Structure formats: structure tokens, C-alpha cells
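Residue numbering for the sequence shown is 0 to 90, as defined by numbering that gives the first Met the number 0. Think of the CB as a built atom: it goes at the ideal place given N, C-alpha and C, for glycine as much as any other residue. As the structure is a computational prediction, the values presented were derived from the model and not from experiment. Right, one structure below, let's go through it.
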Amino acid sequence: MQTDFSLERSEPDDQHDSEANPPSSLALADAINTRCPRSGKPIVASSLAIYRGYTVGFCNQHCRDDFAANIEQRPNDRKFFDDAISKQGRD
Ligand SMILES: [Zn+2]
Numbered sequence: 000m001q002t003d004f005s006l007e008r009s010e011p012d013d014q015h016d017s018e019a020n021p022p023s024s025l026a027l028a029d030a031i032n033t034r035c036p037r038s039g040k041p042i043v044a045s046s047l048a049i050y051r052g053y054t055v056g057f058c059n060q061h062c063r064d065d066f067a068a069n070i071e072q073r074p075n076d077r078k079f080f081d082d083a084i085s086k087q088g089r090d
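This is the structure:
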């Protein structure tokens, strides 16, 4: 008796053709700063924002939301990030 079980099934398995990488997913590692411009505390992954095309971080979402909603009225924060951005280009 010959049982010729061939378990090789060639299924396409094209389940993952839509690898959506939303640009809104910011990564802590991409942030140009490591400390909150306001408190000096370490930034956290849940409090990232985009400033001038760069990922910037804050110590908490309150800082982040306040900055994101009032960028024009937060020159101190902007200067902090501007400085960090200018340092980025020195490598
Ligand atoms: Zn903060």
C-alpha cells in the first residue's frame, strides 16, 4: 500500500499585499529631541508630533497637544526644536 501524501499545497497566500505604513505612525527613535522642551523630562512615544517635517517629542500628550494646537504662539518650543534640527544637519 502506498500512501502518497503530498502536503505541498501551493496556495498563493497573498494576504499581505496591502502593507499599509501610515505616515502618521511616528516613532520615538525618529524624534530629533530626547527631552521635552518644557519640562526637560524624557519624551514618550505617545506624545510625538511633526514640526517642520521632523518628528518632535514631548514628555506627555498635554505638552504635545498644546504645542500642536498653538505652534505660532510657542516660540520657545519652536526655538528648542529649531536648534535640535540645526544640529541634525551637522553629521
Ligand atoms: Zn512636557
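Relative to the C-alpha of residue i, which residue among the options is closest?
{"i": "residue 58", "options": "25, 31, 37 and 29", "result": "37"}
{"i": "residue 68", "options": "26, 43 and 49", "result": "49"}
Taking only three categories from DSSP, how would you classify residue i?
{"i": "residue 34", "result": "strand"}
{"i": "residue 42", "result": "coil"}
{"i": "residue 25", "result": "coil"}
Output needed for residue i: all residues of its chain with C-beta closer than 7 Å, excluding positions within five of it in sequence on either side, in chain order.
{"i": "residue 40", "result": "34 and 58"}
Keeping to the same chain, check which residues put their C-beta closer than 6 Å to that of residue i; ignore five residues upstream and five downstream.
{"i": "residue 79", "result": "36"}
{"i": "residue 76", "result": "36 and 66"}
May I have the straight-line CA-CA distance separating residue i from residue j, to the nearest angstrom?
{"i": "residue 42", "j": "residue 62", "result": "10 Å"}
{"i": "residue 46", "j": "residue 25", "result": "9 Å"}
{"i": "residue 27", "j": "residue 84", "result": "16 Å"}
{"i": "residue 22", "j": "residue 55", "result": "Model confidence at residue 22 stands at a pLDDT of 48, short of 50, so the residue's coordinates are unreliable; what they give is reported in the following sentence. In a straight line, the C-alpha of residue 22 is about 14 Å away from that of residue 55."}
If we count the other Cβ atoms within 10 Å of its Cβ and call it buried at 16 or more, is residue i buried or exposed?
{"i": "residue 51", "result": "exposed"}
Review point. Can you pull every residue whose C-beta falls closer than 7 Å to some heavy atom of ligand 2, listed in chain order?
Key: Looking for ligand 2 in the displayed structure turns up nothing; the ligands present are ligand 1.
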